[in-house]
Amino acid sequence: MRYLIGIGNYHAGDDSIGLRIAEAIAEEGLDGAGGFTAIDLGGNLLDLVHYLGEDSEAVLVVDSARMGSAPGEYAFFTPEQVATRKASGGLSTHEGDLVKVLEFAEATGASTGAVTIMGIEPAEIRAEPGLSEPLTARFREYVDAAVAFLAETTRRVGD
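If you count by this note's numbering, then the sequence shown holds residues 1390 to 1548, one letter each, in order.
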């Protein structure tokens, strides 16, 4: 199985980018045509563990990420290539720390080897819905890049 999992919060500006990409892909039928399933996971990141089974060939998690880039820039990276910047006392279902959830998944025996993160630099995280202008302007590019990434994964797995 291959998954595109959008995470974030619809009511926090650019933090909703992952959810909106998953939603657009599902609405356009690009996931079925591409041989993967698009999932709007929302903010309950612990549910991600359910998609990290042995039969998961590829899991692309799409989220906003502070990477020190210009707003709207994006990058693909593995969990090993990123560290959390969030200060917390441990794992919580409400903190929304992807890195901690992946560490928890590994500790419980789930496989995170198939996980890639598509991080998109936010322009603003604010307490209201809607994307900023830089992310809105590049939205189609993000959708296409995510679909292309999973298509390439299919070719590698099929080889």
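Ideal placement from N, C-alpha and C gives every residue a C-beta, glycine not left out.
- Runs of the alpha helix (DSSP H) spanning 4 or more residues and lying entirely within the stretch 1393 to 1418 occur at 1406 to 1416, in chain order.
- Counting only the Cα atoms, LEU1430 lies some 15 Å from GLU1416.
- By the 16-neighbour rule on beta-carbons within 10 angstroms, GLU1469 is exposed.
- The residue from SER1405, HIS1400, ALA1427 and VAL1451 with its alpha-carbon nearest to that of THR1467 is VAL1451.
- DSSP lists ASP1452 and ALA1464 as the beta-bridge partner residues of GLY1508.
- Look at the beta carbons and you see the stretch 1506 to 1519 touching the stretch 1436 to 1456: at least three pairs across the two are nearer than 8 Å.
- Approximately 5 Å separates the beta-carbon atoms of ALA1411 and ALA1427; this is inside 8 Å, confirming the contact.
- In its chain, beyond the 5 residues on either side, ARG1391, LEU1393, GLY1423, PHE1425, ALA1447 and LEU1449 have a beta carbon closer than 7 Å to the beta carbon of LEU1539.
- In this chain, the alpha helix (DSSP H) harbouring THR1525 covers 1522 to 1526.
- Between GLY1397 and LEU1408, the C-beta gap is smaller than 8 Å, which places the two residues in contact.
- GLU1462 and VAL1490 have their C-alpha atoms some 24 Å from each other.
- ILE1514 sits close to ASP1404, with the two beta carbons spaced by under 8 Å.
- Linking PRO1518 to ILE1406 through their CA atoms gives a straight-line distance of about 11 Å.
- In chain order, VAL1490 place their CB closer than 6 Å to the CB of LEU1437, counting only its own chain and leaving out the 5 sequence neighbours on each side.
- Ranked by how close their Cα comes to the Cα of GLY1498, the residues LEU1524, LEU1441 and THR1525 have LEU1441 in first place.
- By alpha-carbon distance to SER1445, the top candidate from GLY1502, LEU1435, ALA1464 and GLY1402 is GLY1502.
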